[in-house]
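Since the structure comes first, as structure tokens, the remarks are kept for the end.
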Amino acid sequence: MLHKFLSAVAFLLILGYVPVVHGQGWSKGTAALQPLGSQYFQNQYLANPAMAGIDTGLHINLSYRGQWNDVPGSPVTKAGTADYYVGNRVGAGLNIFNDEAGLIKRTKIAMTYAYHLPLNAAGKDQLHFGLSLGINSERLDKSAIVGEVNDPGIGAFNRRDNYFEIDYGMAYTNGNVTLQAAMPNIMNNLRKQDHQTIDASTFFAAASYRVRISDAVPYIEPKVCYRGVRGYDDLVDVGAKIVLASEYLNVFGMYHTSKNCTIGAGFNYRSITGFQVMYTTQTAGLKNYTSGVLEVGLVLHLFK
Numbered sequence: 192m193l194h195k196f197l198s199a200v201a202f203l204l205i206l207g208y209v210p211v212v213h214g215q216g217w218s219k220g221t222a223a224l225q226p227l228g229s230q231y232f233q234n235q236y237l238a239n240p241a242m243a244g245i246d247t248g249l250h251i252n253l254s255y256r257g258q259w260n261d262v263p264g265s266p267v268t269k270a271g272t273a274d275y276y277v278g279n280r281v282g283a284g285l286n287i288f289n290d291e292a293g294l295i296k297r298t299k300i301a302m303t304y305a306y307h308l309p310l311n312a313a314g315k316d317q318l319h320f321g322l323s324l325g326i327n328s329e330r331l332d333k334s335a336i337v338g339e340v341n342d343p344g345i346g347a348f349n350r351r352d353n354y355f356e357i358d359y360g361m362a363y364t365n366g367n368v369t370l371q372a373a374m375p376n377i378m379n380n381l382r383k384q385d386h387q388t389i390d391a392s393t394f395f396a397a398a399s400y401r402v403r404i405s406d407a408v409p410y411i412e413p414k415v416c417y418r419g420v421r422g423y424d425d426l427v428d429v430g431a432k433i434v435l436a437s438e439y440l441n442v443f444g445m446y447h448t449s450k451n452c453t454i455g456a457g458f459n460y461r462s463i464t465g466f467q468v469m470y471t472t473q474t475a476g477l478k479n480y481t482s483g484v485l486e487v488g489l490v491l492h493l494f495k
């Protein structure tokens, strides 16, 4: 068992290293420097397609994030995912992501196929592989333009073709340990440098471990993430989730090396539904100009 675990760790670390060298972008629709807080614990499928259908049943997640102090043109991010364990080690997912900032609206829709491979007879140790195929659309909102909406440049921008995206991810789990590595937007790597995305994620890696405590505090899960953003220094997220009251309540916090943090609290009802509220402070360079962002997340588990 130990050699399988060590092999899985080594393989994931190698995969996590490859995108550092070659990865050039994720998606123009992704808030790369400040991703949705839901991706850390509530909905890990947002960051890694290998997490689709990792648990039995259908899981529906909705997320909404906006500026704490509403400012015209401030970023608004919405995401909706559904993932399902089909059976025979196969999971499937649908990921819809929408990001609006000023005049620009970006939407990504992706379908995911995941394969969950047991490493032993008990099925506790597993490797997970996921592949997402999607379409990304980027448009200007003419209704928000103050000026000449018939400007040829605006029309040319909105007539651009949608572009195809591929995301790949994998993970290792054993009930307590979770190791992840993902390389989003592989197609972006194949484009000419002038056509590649600035300010977009290039890779994602994460490791977490559940420390079992007691009935009152079922577990604490420390987690560290390593993210690459094109045009910026690599980012590290460090924090933990504490589950309380027989898994009905949870609180978590993450510190980001972009010099901001995310805190959240949530409620879960009998593994059927859950609600999460999160607040992310603004990054260091923008603290003097704008407040942080508030995010709410809702999850529904069916057919478990």
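In our numbering, the protein residues as written are 192 to 495.
For every residue, glycine included, the Cβ atom is placed at its ideal position computed from N, Cα and C.
Expected contact under 8 Å - CB spacing of residue i and residue j to nearest Å
{"i": "residue 144", "j": "residue 438", "result": "Given that the chain is displayed from residue 192 to residue 495, the structure contains no residue 144 and the question cannot be resolved."}
{"i": "residue 419", "j": "residue 392", "result": "7 Å"}
{"i": "residue 362", "j": "residue 394", "result": "Contact doesn't hold; Cβ gap of about 14 Å is too wide."}
{"i": "residue 484", "j": "residue 256", "result": "5 Å"}
Selected residue, minimal CA-CA separation from residue i, among the options
{"i": "residue 466", "options": "434, 489, 278 and 393", "result": "489"}
{"i": "residue 371", "options": "234, 260 and 242", "result": "242"}
{"i": "residue 289", "options": "327, 306, 302 and 321", "result": "327"}
{"i": "residue 450", "options": "436, 355 and 429", "result": "429"}
{"i": "residue 494", "options": "237, 233, 244 and 314", "result": "244"}
{"i": "residue 306", "options": "319, 236, 295 and 484", "result": "319"}
{"i": "residue 286", "options": "224, 356, 232 and 262", "result": "356"}
{"i": "residue 353", "options": "301, 369, 336 and 383", "result": "301"}
{"i": "residue 331", "options": "291, 369 and 325", "result": "291"}
{"i": "residue 294", "options": "263, 321, 304 and 281", "result": "263"}
{"i": "residue 453", "options": "235, 436, 471 and 462", "result": "471"}
Start-to-end residues for the beta strand (DSSP E) that takes in residue i
{"i": "residue 321", "result": "317-331"}
{"i": "residue 413", "result": "410-420"}
{"i": "residue 278", "result": "267-278"}
{"i": "residue 357", "result": "354-364"}
{"i": "residue 289", "result": "281-292"}
{"i": "residue 242", "result": "Unbroken run through residue 242: none, as it is neither H nor E."}
{"i": "residue 433", "result": "426-435"}
{"i": "residue 295", "result": "295-309"}
{"i": "residue 491", "result": "484-493"}
{"i": "residue 253", "result": "249-258"}
Contact set for residue i: own chain, Cβ-Cβ below 6 Å, skip 5 residues either direction
{"i": "residue 265", "result": "258"}
{"i": "residue 254", "result": "227, 229, 270 and 488"}
{"i": "residue 358", "result": "240, 323 and 375"}
{"i": "residue 442", "result": "433 and 456"}
{"i": "residue 401", "result": "367, 410 and 412"}
{"i": "residue 397", "result": "371 and 416"}
Run of the alpha helix (DSSP H) containing residue i, from where it starts to where it stops
{"i": "residue 469", "result": "Looking at the DSSP string, residue 469 is not in any alpha helix (DSSP H); the run it does join, the beta strand (DSSP E), is 464-471."}
{"i": "residue 152", "result": "This structure does not reach residue 152, given that the chain is present from 192 up to 495, and the question cannot be answered."}
Cβ shell of residue i (< 7 Å), same chain only, five flanking positions each side left out
{"i": "residue 482", "result": "258, 259, 260 and 473"}
{"i": "residue 219", "result": "Because the pLDDT at residue 219 is just 37, under 50, the model does not fix this residue reliably, and the point stays unresolved."}
{"i": "residue 278", "result": "none"}
Neighbourhood of residue i by C-beta distance below 8 Å, restricted to the same chain and skipping five residues each side
{"i": "residue 365", "result": "196, 315, 316 and 317"}
{"i": "residue 224", "result": "390, 420, 423, 426, 449 and 474"}
Does the region 244-254 come close enough to the region 405-422 that 3 or more CB-CB pairs lie under 8 Å? no
Quick one: any contact between the region 261-273 and the region 304-317, if contact means 3 or more CB pairs under 8 Å? no
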